[in-house]
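Notes follow once the structure below has been shown.
In my numbering, the protein residues as written are 222 to 384.
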């Protein structure tokens, strides 16, 4: 399975998710609303003053309306790995989360991406009802998104939490 960022214009939305690229086709992510971990991500992002200044409430799970052309954030679950034990069910899950920042201005996109990292990296505790052991920043990349004519920054995190 290859992890990737993808867009869907069929329903005037932009989305993130997992895809299998074995046959050249992209499959749609089954995640439609906020998950339990999604609630924690959303709460942490909404509490960050820099994110609030640049994005306000334009933080969407999995997809955003195409008509929303301002600064915005999309987040989604890219995968989950249970922490295997010989004694029973997993006591911790390692959840891979993608967060994509969009902005018409390159410097603003980087400012928002930095704020996202600061809002999430090494957070722990009970956040929006979820027991989070740790959130770890994994990777960052940026690019130009031709269809929306804006910059995009992809941040990847691992959230270690109780299932």
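Positions of the beta carbon are idealized from the N, C-alpha and C atoms, including for glycine.
So, using beta-carbon positions, are residue i and residue j closer together than 8 Å?
i	j	result
residue 261	residue 353	yes
residue 382	residue 339	no
For a test of the three-state rule: what should DSSP assign to residue i, helix, strand or coil?
i	result
residue 255	Low per-residue confidence applies at residue 255: pLDDT is 48, beneath 50, and the placement is therefore not dependable, though the value from the model is reported in the following sentence. Residue 255 falls in the coil class under three-state DSSP.
residue 380	strand
residue 373	strand
residue 317	strand
residue 310	coil
residue 351	strand
Residue i: which of the options sits nearest, CA to CA?
i	options	result
residue 271	327, 374, 337	337
residue 370	266, 292, 275, 258	292
residue 374	321, 347, 259	321
residue 283	268, 347, 269, 263	263
residue 273	286, 288, 329, 347	329
What does the Cβ neighbour count give for residue i, buried or exposed, with the cut at 16 atoms within 10 Å?
i	result
residue 308	exposed
residue 275	buried
residue 350	exposed
residue 281	buried
residue 326	exposed
**Asked** Is there contact between the segment 301-310 and the segment 343-363, where contact requires at least three CB pairs shorter than 8 Å?
**Response** no
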